[in-house]
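Per the UniProt record's numbering, residue 1 is the first one in the sequence shown, and the count goes up by one each step. All C-beta atoms, glycine included, are put in the ideal place defined by N, C-alpha and C. Okay, structure first, notes after.
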Amino acid sequence: MFTVADMMTPKPHTLSRNSSLFDAKEMMQTLSIRHIPITDHNHHLLGLISQRDVLAAQDSNLKSVIASHSHSPLEALLEHCMNRNVFSVDSHAGLKEAALYMQKHQIGCLPVVENKQLVGIITNSDFVAIAITLLEMQDEVDPIEQEQDNLDDIDILREL
Numbered sequence: 001m002f003t004v005a006d007m008m009t010p011k012p013h014t015l016s017r018n019s020s021l022f023d024a025k026e027m028m029q030t031l032s033i034r035h036i037p038i039t040d041h042n043h044h045l046l047g048l049i050s051q052r053d054v055l056a057a058q059d060s061n062l063k064s065v066i067a068s069h070s071h072s073p074l075e076a077l078l079e080h081c082m083n084r085n086v087f088s089v090d091s092h093a094g095l096k097e098a099a100l101y102m103q104k105h106q107i108g109c110l111p112v113v114e115n116k117q118l119v120g121i122i123t124n125s126d127f128v129a130i131a132i133t134l135l136e137m138q139d140e141v142d143p144i145e146q147e148q149d150n151l152d153d154i155d156i157l158r159e160l
């Protein structure tokens with residue numbers, strides 16, 4: 001059985017709760033990522049900020065929350081706008097179970113936590129990479145199956 005540890009990104013990029021939405025936006029753009037775990041100095045998971053959260057801050061959804069803390073939405077500290085209700089997973093959890101959980105709850109990532117410390121992250125993109133690998137493996141197998149199917153058809157024709 002494949003586990004989350006087999007496919008997770010270990011030691012993901014993180015920010016602190018005192019970082020700003022601008023910091024999150026810059027990190028996401030620079031690293032081409034959509035989720036950033038928020039941790040304390042001991043790598044304890046405090047929350048998560050997503051690309052959607054950053055976009056919402058630029059829109060009107062978070063402006064009322066942010067208005068009391070800064071002049072610009074992107075100046076807001078992550079502690080004021082991070083998602084604190086974060087689903088997480090153990091590194092020994094099954095990969096299939098993690099995928100089904102993400103699908104059921106419509107979430108884009110699962111931070112991986114061991115002994116209350118963030119050790120990795122698994123995202124929808126990781127599962128797309130797994131699907132591509134499986135499809136490539138199938139492509140390698142299919143020509144042989146196709147040849148066997150063709151041989152079976154030839155045998156059937158001879159029997160008729």
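Considering just the uninterrupted stretch of the beta strand (DSSP E) at residue i, what are its terminal residues?
i	result
Thr14	Run containing Thr14: none; DSSP gives neither H nor E here.
Gln117	117–123
Leu110	109–114
If I measure Cβ to Cβ from residue i and keep anything under 8 Å in the same chain, skipping five residues before and after, which residues do I get?
i	result
Ser91	Thr3, Val4, Ala5, Met8, Val112, Glu114, Val119, Gly120
Met27	His13, Leu15, Ile33, Ile36
Ile49	Leu15, Leu21, Ala24, His35, Ile36, Ile38, Leu78, Cys81, Met82, Asn83
Asn61	In this predicted model, Asn61 has a pLDDT of only 49, less than 50, meaning its place in the structure is not dependable; the value taken from the coordinates is given anyway. None.
Asp40	Ser16, Arg17, Leu46
Val89	Val4, Ala98, Tyr101, Leu110, Pro111, Val112, Val113, Ile122
Determine the extent of the alpha helix (DSSP H) in which residue i is found, giving its start and end residues.
i	result
Leu21	21–31
Val4	4–7
Met102	95–105
Determine which residues share a DSSP beta bridge with residue i and list them.
i	result
Ser50	His35
Pro10	Gly120
Which of the three DSSP states is assigned to residue i in this structure?
i	result
Asn83	strand
Glu140	helix
Met1	coil
Given residue i, which residues of its chain have a CB within under 6 Å of its CB, disregarding the five upstream and five downstream residues?
i	result
Ala99	Phe127
Leu160	With a pLDDT of 49 at Leu160, under the threshold of 50, the modelled position of this residue cannot be trusted, and the question is left open.
Output needed for residue i: all residues of its chain with C-beta closer than 7 Å, excluding positions within five of it in sequence on either side, in chain order.
i	result
Lys116	His44
Thr123	His35, Gly108, Cys109
Leu95	Phe2, Thr3, Val4, Asp6, Met7
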